[in-house]
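Below is one structure, written out as structure tokens; comments come after it.
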Amino acid sequence: MGLQGFLGGCYSRPRLQRIIRSAERVIGCNLPSLQDLYTSRTRRRAEKIEADPSHPGHHLFEPLPSGRR
261 MGLQGFLGGC YSRPRLQRII RSAERVIGCN LPSLQDLYTS RTRRRAEKIE
311 ADPSHPGHHL FEPLPSGRR
């Protein structure tokens with residue numbers, strides 16, 4: 261899916277990044293980048309799928325031989 265699918269195709273990546281930077285100036289603090297948001301949200305979604313045995317994609321997640329993930 262990638263970042264473009266995550267954004268929904270509504271805005272281009274540079275345009276959204278510009279909006280984020282403008283918001284940072286308005287509120288006076290740093291916000292996470294688009295890439296950081298994408299990474300954290302997709303990781304969280306994958307963890308939810310992995311934890312739910314009734315999810316259709318659950319079988320796609322197999323533990324590593326080390327058993328860590």
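Residues 261 to 329 (my numbering) make up the sequence shown, in order.
No residue lacks a Cβ here, since even glycine has one placed at the ideal position from N, Cα and C.
Owing to the predicted nature of the structure, the values given are computational and were not obtained by experimental measurement.
Asked                                                                                                 : Found
SER326 (DSSP reduced to helix, strand or coil)                                                        : coil
Length of the line joining the Cα atoms of GLN277 and ILE287                                          : 15 angstroms
Cutoff 7 angstroms; reference PRO316; Cβ partners in own chain excluding five residues on either side : none
Euclidean distance between Cα positions of SER293 and GLY327                                          : 32 angstroms
Rounded distance between the beta-carbons of GLU310 and HIS318, thought under 8 angstroms             : 7 angstroms
Among PRO323, TYR271, ARG281 and TYR298, nearest to LEU291 - alpha-carbon criterion                   : ARG281
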